[in-house]
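For the sequence shown, the residue numbers in our numbering are 97 to 492.
All residues carry an ideal CB built from backbone N, CA and C; glycine is no exception.
Heads up, the thing below is written out as structure tokens.
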Amino acid sequence: MMRWIKKVFKGIGLFLGLFIFLLLTNLASEKWIFPWLAHFSALKRFSFLQTFNEKTTIINRTEQVLVKEENVFSSIGEKLYPAIARIIVISSGNEKSTINIVQEERLFSRGGVMVTNDGWVVSLADQATGEYFLKNKNLEYKVLVDGAVYSAVFAGYDQYSQLLFYKINQSGNWLVPTWGDSENFSAGEKIGLLNLSETGQPEIRTMTIQTVAYNFSLLNSDLSSSEKIEGVWLLENSNKLESKFFGNPIIDADGRVVGIFGTLEKNGQVTNFVLPIKSLEKTINKFIKNEKRERPFLGVYYLSINRVMALENGLPVNSGALIYSFSGQQGLAVLKNSPADKAGLKIRDIIIDFDGKRISNNQPLSLLLSEKNIGDRVKIKILRAGEEKELEVVLE
């Protein structure tokens, strides 16, 4: 009996050994031997050899393309580094701290980009950090740019876009990158993240857009706010990016700035995103010209409707802003004594038109509101229980 069992195991061993040998031989033949033989002129008439050679060529070309992409962003990035800034915040230690440890890391060192040659610098912040800067007036700011350190003033924080603005005190003529067209980007496209480390060393990361998330709001909730920007690019495999990249510029393959990098915590999960530059241009230009720094207030939380959401929930329209609260409470969807509350807006109303403009993915409610001024009277069309109504709201 034992002799028979040994023979069985011996047979299995021989079979496995032969299988592994044949597998390795096949791999070696396909990757090295056949492609090598295909280079001999006497053997070129054998088409099966040429097939293996073509496979190897495709692999090599793919590798070359990947290397070329990295080289393109690196070479372009080197030319733009004089326009990349790092903002250092120096605290006296007497400020009231209302932020957590992760936010403190973002607070005292963040990325930025020059937007004018006379010293305006733009960065990005989460809401808690932006409000901290607004409340604490005794902070000192330094800007590291083009190998030198300059004193700067904190010029303001825009709560809609969450942009931070700084102005270098010294006169100069700094390099300003060109802004690109961020409207035509889609999933799968490559972009480059530029960074200036705390020691002034340039860094670049090549990343891929995972999706264009039209309904992604900078509110730290699954809801959107009438006072927060919507529409970002979400990135592939970006969860390992550190908070030091917060506020850094994103470039395309032609070296144009097409966005600003940020991170946001929603439901306990940190999400990295890019704000497309197209959605920020008006804010930057108006802020620098001091044309508009106070944002109008409406006071609603909502879900931006898309076709899938409409089908899944039996909604009567494919676009609009569904005023909503996950708890079902009116006061959490429409803030008490807000302009929306005074105008008579209610939970589950769908705003379909704001001042004559149809709400859509490319034109969300928060964007249309951001273009208005305090004191404006605005006509709002809503659907309430399937019936269309028109209300007037006075923005505050």
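query                                                                                                                           : result
Runs of alpha helix (DSSP H) wholly within the region 202-259 (minimum 4 residues, chain order)                                 : 223-231
Distance CB(P273)-CB(A179) smaller than 8 Å                                                                                     : yes
L314, DSSP secondary structure in three states                                                                                  : coil
Those residues which DSSP pairs with M303 across a bridge                                                                       : I287
Rounded C-alpha distance that separates E126 from E299                                                                          : Low confidence applies to E126: its pLDDT is 48, below 50, so where it sits in the model is not reliable enough to give any reading.
Contacts around N196, its chain only, beta-carbon distance under 6 Å, and the 5 residues preceding and following it disregarded : Residue placement at N196 cannot be trusted, given a pLDDT of 45 that sits under 50; what the coordinates show is reported in the next sentence. So no residue of the chain qualifies.
Supposed contact pair V245 and Y262 - C-beta distance, whole angstroms, cut 8 Å                                                 : Not quite, the Cβ-Cβ distance comes to about 13 Å (not below 8 Å), so this is no contact.
P435: first and last residue of the uninterrupted alpha helix (DSSP H) it sits in                                               : P435 to A439
Which of helix, strand or coil DSSP assigns to G296                                                                             : coil
Three-state secondary structure assigned by DSSP to E387                                                                        : coil
Close Cβ partners of S282 (< 8 Å) along its chain, the five nearest in sequence each way excluded                               : I305 and V308
Option nearest G268 by Cα separation, candidates T295, D242, L360 and V168                                                      : D242
Per DSSP, the bridge partner or partners of N458                                                                                : Looking at the DSSP assignment, N458 forms no beta bridge with any residue, so it has no partner.
Separation of L331 from T158, as counted between CA atoms                                                                       : Confidence at T158 is low in this model, with a pLDDT of 43, below 50, so the placement of that residue should be treated as unreliable; the coordinate-derived value is given next. Distance between the alpha carbons of T158 and L331 is about 22 Å.
Neighbourhood of T367 by C-beta distance below 6 Å, restricted to the same chain and skipping five residues each side           : L360
CA nearest to the CA of N414, picked from A436, S317 and I447                                                                   : I447
Length-filtered (4 minimum) alpha helix (DSSP H) runs lying within the region 348-384                                           : 377-384
Span of the beta strand (DSSP E) around L428                                                                                    : Counting along the chain, L428 falls outside any beta strand (DSSP E), though it belongs to the alpha helix (DSSP H) covering Q426 to A429.
Buried versus exposed call for G455 [16 or more other C-beta atoms within 10 Å across all chains shown]                         : This sequence places Ile at residue 455; Gly is not what is there. The residue is buried, with at least 16 neighbouring Cβ atoms inside 10 Å.
Whole-number beta carbon distance between R444 and I476, since they are thought to touch under 8 Å                              : The pair is not a contact, with the Cβ atoms about 15 Å apart (cut-off 8 Å).
Three-state secondary structure (DSSP) of K324                                                                                  : coil
I172 in three-state terms, based on DSSP                                                                                        : helix
Proximity to Y256 [Cα-Cα], best of E467, K485 and V474                                                                          : E467
For V404, three-class secondary structure by DSSP                                                                               : helix
Whole-angstrom distance between D214 and S293, CA atom to CA atom                                                               : 23 Å
Nearest-angstrom Cβ-Cβ length linking L411 and L290, presumed shorter than 8 Å                                                  : Rounded, the Cβ-Cβ distance is 42 Å, inconsistent with contact.
DSSP bridge partner residues for Y420 (one or two, in chain order)                                                              : Its beta-bridge partners do not exist; DSSP assigns none.
Separation of S187 from E236, as counted between CA atoms                                                                       : 7 Å
Nearest-angstrom Cβ-Cβ length linking I264 and V217, presumed shorter than 8 Å                                                  : 7 Å
A181, DSSP secondary structure in three states                                                                                  : strand
Secondary structure of L399, DSSP reduced to three states                                                                       : strand
Short Cβ contact (8 Å threshold) for A439 with L487                                                                             : yes
Candidates V185, V328, L240 and G208, of which the one nearest N234 by Cα                                                       : V185
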